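Structure, as C-alpha cells:
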Ligand code: AKB
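Residue numbers (UniProt numbering): 1 to 318.
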C-alpha cells in the first residue's frame, strides 16, 4: 500500500487509524475523508470533506491522490441501525459499494470491517467458528453479511484485493463510539474517571467479544500487508482478544477504581442484540493464515484506559 484513502475517517476507528497509518506510510500518503470537517485529521495530512455516497467525487479523489488502497469505515452501528433500518442499509451498503467500485476501477485494495454483528441467534455462541451459520436479526448484521459476500464477489469476479476482519466491540479513548451495542464497555471508563454512576443498558451476564483499539489497528495493517498466497479466507476473518460480560468488566475496573457505581437499566433493543451475538469467536484461521495474535487483555486494557481517560479529565477535555 502506497496511497490510502479512508472513508469515514472521523469516527471511533478512523480517528485513531489515520494517525496510525500516517506513522507507518507517511502523512502525505494517507488521505482522510469524512462527511464532517475534522481539524485534527486535517492538521497532519490530506483531509477532504466528502460524502461516501458520492461516487463521482470519490473517483476524482482516487485519481488526484493516486490511491491504491481504500479503507471504508462508514457505518451506522447496530443500535442506531434499528432506529432507522432503511437509512442504515442505504449508508452502509452505499459506502461499501462505492469503495468496492473504486477497487475495481482504480485497481485498489479494499478493507472494510465486518463485525461480530454479522452473526445471529442461530450461530454457535461459544468458539464461534470462522465458517458457520450467519443469520443476523439486525439491519447492521444484514449489511455486514451482505458486505462480506460482496467483498468475496469482487475478489473472485473482478480480482479486487478485498480483505476484512469481523471486529468485536472496540474499546478506545480518543473518539467515543456512537449507536453500538458494545458502547457500554467504553462509556463505563468515562463514568469511572468522572466519578459518575454508570447506567448499564445490557444485563450483567451477557458475554460479547471485545478488543482494545491498539490491537484493532494492528490487525488491520497486518491483514492488509499479509502475503495473499497464504489467505484462504478474505471476507471476513474472525479476530478475538477478550470476552467479558458487564459484571466481569466492572469487577476489573473496581480493582483499580473501587468507587465505581453501576445501576442496570436495560435497553430492550441493545439487550436483544447483545443476546443474539456470540460469546466468544474462534479466531484460529486469522492466527494461522496471517499470524494474528492479540496483545491486550482485560486487566492491561483497563489500566491503560483509566490512565488515558484520566489524562483527558486532568486536561479538562471531559
Ligand atoms: C456495535 O456494537 O454495533 C459495534 C460492533 C460490535 O460492530 N461496536
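No residue lacks a Cβ here, since even glycine has one placed at the ideal position from N, Cα and C.
Values in this document were obtained by computation on a predicted structure and should not be read as measured data.
Worksheet entry | First through last residue of the alpha helix (DSSP H) which encompasses residue 17 | 14-25
Discussion item. For residue 71, list the residues DSSP reports as bridge partners.
Written reply: 6, 111
Fill in: Classification of residue 265 by the beta-carbon crowding that lies within 10 angstroms, buried from 16 upward
exposed
Worksheet item: How about residue 167: is its Cβ closer than 7 Å to a heavy atom in the ligand AKB?
Response: yes
Worksheet item: Less than 7 Å between the CB of residue 116 and some heavy atom of the ligand AKB, yes or no?
Response: yes
Practice prompt. Determine the contact status of residue 250 and residue 298, defining contact as a CB-CB distance below 8 Å.
Written response: no
Discussion item. Looking at the ligand AKB, does it come within less than 7 Å of residue 78, judged from the CB to the closest heavy atom?
Written reply: yes
Practice prompt. Indicate, with yes or no, if the ligand NAP has a heavy atom lying under 7 Å from the CB of residue 140.
Written response: Among the ligands in the structure shown, the ligand NAP does not appear; only the ligand AKB can be found there.
Fill in: Boundaries of the alpha helix (DSSP H) in which residue 66 is found, first to last residue
Element bounds for residue 66: n/a, residue is neither H nor E.
Worksheet entry | Closest Cα partner of residue 28 within the set 47, 10, 225 | 47
Practice prompt. From the DSSP output, read off the bridge partner residues of residue 31.
Written response: 5
Worksheet item: Counting pairs of Cβ atoms below 8 Å between the stretch 256-264 and the stretch 98-114, do you hit three or more?
Response: no
Discussion item. So the candidates are 136, 124, 144, 302; which of them puts its Cα closest to the Cα of residue 210?
Written reply: 302
Worksheet item: residue 165 lies in the beta strand (DSSP E); which residues open and close that run?
Response: 165-167
Fill in: Outcome for residue 126 when other beta-carbon atoms lying within 10 angstroms are tallied against a minimum of 16
exposed
Worksheet item: Of the choices 114, 121, 54, 113, whose alpha-carbon is the least far from that of residue 90?
Response: 54
Worksheet item: With C-beta atoms as the reference, is residue 181 less than 8 Å away from residue 79?
Response: yes
Discussion item. Using a Cβ-Cβ cutoff of less than 7 Å, which residues in the same chain neighbour residue 11 once the five nearest sequence positions on both sides are dropped?
Written reply: 73, 175
Worksheet item: Do you know how far the Cα of residue 159 is from the Cα of residue 308?
Response: 42 Å
Fill in: Assumed close pair residue 151, residue 136 - CB separation to whole angstroms, cut-off 8 Å
Contact doesn't hold; Cβ gap of about 16 Å is too wide.
Worksheet item: Comparing alpha-carbon positions, which option in 207, 23, 154 lies nearest residue 247?
Response: 207
Worksheet entry | residue 138 versus residue 282 - alpha carbon distance | 22 Å
Worksheet item: Given that a residue counts as buried once 16 or more other Cβ atoms are within 10 Å of its Cβ, and exposed if not, what is residue 273?
Response: buried
Item to complete: Could you tell me if residue 66 is buried or exposed, where buried requires 16 or more neighbouring beta carbons within 10 angstroms of its beta carbon?
Response: exposed
Worksheet item: Going by other Cβ atoms of all chains shown within 10 Å of its Cβ, with 16 needed for buried, is residue 24 buried or exposed?
Response: exposed
Discussion item. Can you tell me whether residue 228 sits near the ligand AKB, meaning its C-beta is under 7 Å from at least one heavy atom of the ligand?
Written reply: no
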